[in-house]
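Protein chains in written order, with the working numbering: chain A, 152 to 361; chain B, 152 to 361. For every residue, glycine included, the Cβ atom is placed at its ideal position computed from N, Cα and C. Heads up: the structure comes next, in structure tokens.
Number of protein chains: 2
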Amino acid sequence: MTQSGTEAAPRRRQARGERRIAELLDAAGAVFAEFGYSATTTNAIAARAGVSPGTLYQYFPNKDAMADALAERFAVQLHELTQLMLVPGLTELPLDQLLERVLEPLYRFHVENPACPVLFMGPDVPQRLADAHAPLHAAMVAEVTALIAALAPQLSAETLNRAAHVTAMTFKGLLPLIMAVTPEERPAMHAEVTRVFLGYITLVIAAPGP
Amino acid sequence: MTQSGTEAAPRRRQARGERRIAELLDAAGAVFAEFGYSATTTNAIAARAGVSPGTLYQYFPNKDAMADALAERFAVQLHELTQLMLVPGLTELPLDQLLERVLEPLYRFHVENPACPVLFMGPDVPQRLADAHAPLHAAMVAEVTALIAALAPQLSAETLNRAAHVTAMTFKGLLPLIMAVTPEERPAMHAEVTRVFLGYITLVIAAPGP
DNA sequence: CAATAATGCGAGTGATAGCTCGTGTTATCT
DNA sequence: AGATAACACGAGCTATCACTCGCATTATTG
């Protein structure tokens with residue numbers, strides 16, 4: 152007990168270490184996206200990052216911690232993206248333009264980060280990771296609920312909530328389709344997918360109140 | 152070479168063996184649905200079926216073969232289901248009734264067979280299994296294409312095809328939502344999900360021709 | 001320029017899971 | 001009944017993978 156017995160080691164991190172962490176997370180994202188969670192080996196992540204397994208374990212205590220850190224990074228980025236989307240007057244726009252504004256950045260983010268859906272929606276992620284995703288999903292549903300509520304004030308809270316859930320899951324379900332097509336086909340597919348939301352939300356708005 | 156050198160062993164299977172195979176596939180379905188493909192252990196499947204690992208390997212050469220056999224069983228059942236759905240005069244029905252007729256059996260099948268989406272859509276299934284799924288998906292898209300074509304004859308083949316793909320993926324994406332809710336909530340969720348298709352197909356039909 | 005600490009390596013270790021094999025049991029055939 | 005073959009067992013083999021450890025290298029501190 153030289154200074155403070157219970158306190159953890161200070162571990163002053165150098166700039167090189169921070170870079171390594173980012174590189175390792177990038178590599179983990181690439182490998183998770185390609186093979187899924189369970190089938191991804193830590194040695195493969197280390198190799199993809201161009202470092203040895205030992206180096207990986209200097210920065211992350213285990214495989215789960217890598218997934219957690221990556222998921223946390225995605226959660227932060229998605230939160231920032233959402234804040235940018237929700238500009239005042241958004242609900243004043245025509246529905247098709249509103250949808251375009253909301254959906255386009257989300258599509259782009261997931262296309263650029265294919266590991267995100269793997270970690271948040273994969274069937275073989277550890278339970279704790281799925282739990283960590285719950286608040287993020289809940290926040291997304293809450294945003295959608297607020298949007299639909301502004302467009303269809305006559306609906307009950309329960310109806311709104313169900314519509315928001317369905318909207319969110321429709322988005323998640325159609326993501327693979329957008330990610331799968333070639334970049335040339337993407338705009339057309341993107342437009343077609345947006346029409347799913349246009350059709351559904353139109354119906355929701357037109358529904359009679361309680 | 153007692154009888155025929157190249158011919159494989161005849162292996163006359165007893166009724167008990169057939170039952171075991173079915174039990175093992177049922178158990179595999181339950182465990183795959185619960186843990187995903189990679190995280191499922193063959194010992195867990197054997198334990199769930201109430202037999203020893205050795206017995207499992209008497210009927211299946213390896214884990215992949217189990218998934219293949221299970222997927223094949225699903226494919227056959229889905230094909231039969233589809234044939235039952237496509238009765239003459241189906242496209243004469245009002246759109247909401249048509250959708251109900253088509254979607255309800257599909258929902259029920261997947262709720263009763265949760266391993267089906269895991270094997271056909273999971274991110275960690277072996278490549279060969281994903282390939283095996285391609286023709287099934289293509290058949291489904293072809294059926295949907297034919298249905299939409301009957302409803303909207305003015306559309307080009309390319310437009311029809313894209314709409315069918317989007318419809319199929321929307322279905323796949325919304326499946327987890329239906330499977331996740333409690334049986335009491337299921338009818339309401341079911342109806343809400345059907346509205347997604349109603350809204351989208353309405354838009355597709357209303358689109359101008361080329 | 002030491003001294004100290006962070007970074008980096010990669011062969012090696014322990015545990016896990018797919019799979020085997022020798023043996024025993026049950027069913028079918030003559 | 002006896003012979004043959006399918007069925008069943010479960011301890012154990014082997015390959016794989018998450019993870020470790022001792023040591024070398026590079027950066028920061030005084």
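**OP:** With distances taken Cα to Cα, identify the nearest neighbour of Pro359 of chain A among A:Gln305, A:Leu207, A:Val317.
**Re:** Nearest C-alpha to Pro359 of chain A: A:Gln305.
**OP:** Starting from Ser137 of chain B, find everything on chain A with Cβ-Cβ shorter than 7 Å and list it in chain order.
**Re:** Residue numbering for chain B in the displayed model covers 152 to 361; residue 137 of chain B lies beyond these limits and cannot be assessed.
Subject >> Residue nearest to Ala300 of chain B in terms of C-alpha spacing, selected from B:Leu249, B:Glu336, B:Thr242 >> reply: Looking from the CA of Ala300 of chain B, the closest CA among B:Leu249, B:Glu336, B:Thr242 belongs to B:Thr242.
**OP:** Report the rounded CA-to-CA distance for Ala195 of chain A versus Arg162 of chain A, giving the unit in angstroms.
**Re:** When the Cα atoms are used, Ala195 of chain A and Arg162 of chain A turn out to be separated by approximately 27 Å.
Original post:
Within the chosen definition, does the stretch 243–258 of chain B reach the stretch 165–175 of chain B through at least 3 CB pairs nearer than 8 Å?
Top reply: Contact between the stretch 243–258 of chain B and the stretch 165–175 of chain B is absent, because fewer than three Cβ pairs lie under 8 Å.
Original post:
In chain order, which alpha helix (DSSP H) runs of at least 4 residues are fully inside the stretch 239–312 of chain B?
Top reply: List check, alpha helix (DSSP H) in window: 246–263, 266–272, 278–302.
Original post:
Taking only beta-carbon atoms, is Tyr351 of chain A less than 8 Å away from chain B?
Top reply: Answer yes: the Cβ-Cβ gap between Tyr351 of chain A and chain B drops below 8 Å somewhere.
Original post:
On the three-state DSSP scale, how would you describe Asn213 of chain B?
Top reply: Coil.
**OP:** Please confirm whether Thr321 of chain B and Val355 of chain B have their CB atoms less than 8 Å apart.
**Re:** With respect to the 8 Å criterion, Thr321 of chain B and Val355 of chain B are not classified as neighbours on the basis of their beta carbons.
Original post:
Considering Arg337 of chain A, what are the terminal residues of the alpha helix (DSSP H) in which it resides?
Top reply: Its alpha helix (DSSP H) spans residues 337–357.
Subject >> Where Leu328 of chain A falls, given that 16 or more other Cβ within 10 Å makes a residue buried >> reply: With 16 or more other Cβ atoms within 10 Å, it is buried.
Original post:
Cβ of Arg199 of chain A versus every heavy atom of the ligand ATP: is any distance shorter than 7 Å?
Top reply: Of ligands this structure carries none, so the ligand ATP is not represented either.
Original post:
In whole angstroms, what is the alpha-carbon distance linking Gln228 of chain B and Ala283 of chain B?
Top reply: Answer to the nearest angstrom: the Cα atoms are 15 Å apart.
Subject >> Closer than 8 Å at the beta carbon, the chain A residues around Met320 of chain B >> reply: From the beta-carbon of Met320 of chain B, the residues of chain A found nearer than 8 Å are Gly324, Leu325, Pro327, Leu328.
**OP:** Inspect the beta-carbon positions of Asp177 of chain A and Phe186 of chain B and report whether they are closer than 8 Å.
**Re:** Their beta carbons are not under 8 Å apart, which means Asp177 of chain A does not touch Phe186 of chain B by this criterion.
Original post:
Applying the criterion that 16 or more other CB atoms from any shown protein chain within 10 Å of the CB defines a buried residue, is Phe238 of chain A buried or exposed?
Top reply: In the sequence as displayed, the identity of residue 238 of chain A is Val instead of Phe. Answer is exposed; the Cβ neighbour count stays below 16.
**OP:** Would you please verify whether the beta carbon of Ala178 of chain A is less than 8 Å from any beta carbon of chain B?
**Re:** No, because no Cβ of chain B sits closer than 8 Å to the Cβ of Ala178 of chain A.
Original post:
Do you know offhand how far His316 of chain A's Cα is from Ala308 of chain A's?
Top reply: Approximately 12 Å, taken between the alpha carbons.
**OP:** Go ahead and pull the three-state DSSP assignment for Tyr208 of chain A.
**Re:** Residue state, collapsed to three classes: helix.
**OP:** Give the interface partners of Leu244 of chain B over in chain A, defined as CB-CB distance under 8 Å, in chain order.
**Re:** The contacting residues do not exist; Leu244 of chain B stays about 19 Å from chain A at best.
Original post:
Once you ignore the five residues that flank Tyr188 of chain A on each side, which residues in its own chain have a CB closer than 6 Å to its CB?
Top reply: The beta carbon of Tyr188 of chain A is closer than 6 Å to those of Gly273, Asp275, Val276 in its chain, skipping five residues each way along the sequence.
Subject >> Cβ-based burial, Gly350 of chain A [other Cβ within 10 Å; buried from 16] >> reply: By the 10 Å Cβ count, Gly350 of chain A comes out buried.
**OP:** Determine the chain B residues that contact Met340 of chain A at a beta-carbon separation under 9 Å, and present them in chain order.
**Re:** What Met340 of chain A touches in chain B: Arg313, His316, Val317.
**OP:** Would you mind telling me which residues of chain B sit closer than 7 Å to Leu354 of chain A, beta carbon to beta carbon, in chain order?
**Re:** Neighbours of Leu354 of chain A in chain B, taken as residues at a C-beta separation under 7 Å, are given in chain order as Arg346, Leu349, Gly350.
Original post:
Do you know offhand how far Val262 of chain A's Cα is from Leu325 of chain A's?
Top reply: Taking the straight line from one Cα to the other gives about 12 Å.
**OP:** Pull up the distance between the alpha-carbon of Ala339 of chain A and that of Thr353 of chain B, whole angstroms please.
**Re:** In this structure, the alpha-carbon of Ala339 of chain A lies about 19 Å from that of Thr353 of chain B.
Subject >> Cβ neighbour criterion (16 or more within 10 Å) applied to Leu270 of chain A >> reply: If you draw a 10 Å sphere on the C-beta of Leu270 of chain A, you find 16 or more other C-beta atoms in it, and that means buried.
**OP:** On a CA-only basis, which of B:Ala342, B:Ala357, B:Pro361 is nearest Asp247 of chain B? Give me that one, please.
**Re:** For the residues B:Ala342, B:Ala357, B:Pro361, the minimum Cα distance to Asp247 of chain B belongs to B:Ala342.
**OP:** Starting from Arg164 of chain A, trace the alpha helix (DSSP H) both ways and give me its first and last residue.
**Re:** For Arg164 of chain A, there is no enclosing alpha helix (DSSP H), as DSSP marks it with neither H nor E.
Subject >> Residues that Val269 of chain B contacts on chain A, provided the C-beta gap is smaller than 8 Å >> reply: The answer, in chain order, is Pro274.
Subject >> Length of the line joining the Cα atoms of Glu335 of chain A and Gln165 of chain A >> reply: Distance between the alpha carbons of Glu335 of chain A and Gln165 of chain A is about 42 Å.
Original post:
Under 8 Å between C-beta atoms, does Glu343 of chain A make it to chain B?
Top reply: Judged by the 8 Å Cβ criterion, Glu343 of chain A is in contact with chain B.
Subject >> Alpha carbon of Ala319 of chain A to alpha carbon of Ala179 of chain B, nearest angstrom >> reply: So the alpha carbons of these two residues sit roughly 31 Å apart.
Original post:
Between Phe183 of chain A and the rest of its own chain, which residues show a CB-CB distance below 8 Å, the 5 nearest in sequence each way excluded?
Top reply: Here the set comprises Thr191, Ala218, Leu221, Ala266, Val269, Leu270.
**OP:** Apply the 10 Å Cβ neighbour rule to Thr206 of chain B and answer buried if 16 or more other Cβ atoms are within range, or exposed otherwise.
**Re:** Thr206 of chain B should be labelled exposed.
Original post:
Which value, in whole angstroms, describes the spacing of the CA atoms of Val292 of chain A and Thr345 of chain B?
Top reply: Taking the Cα positions, Val292 of chain A is about 19 Å away from Thr345 of chain B.
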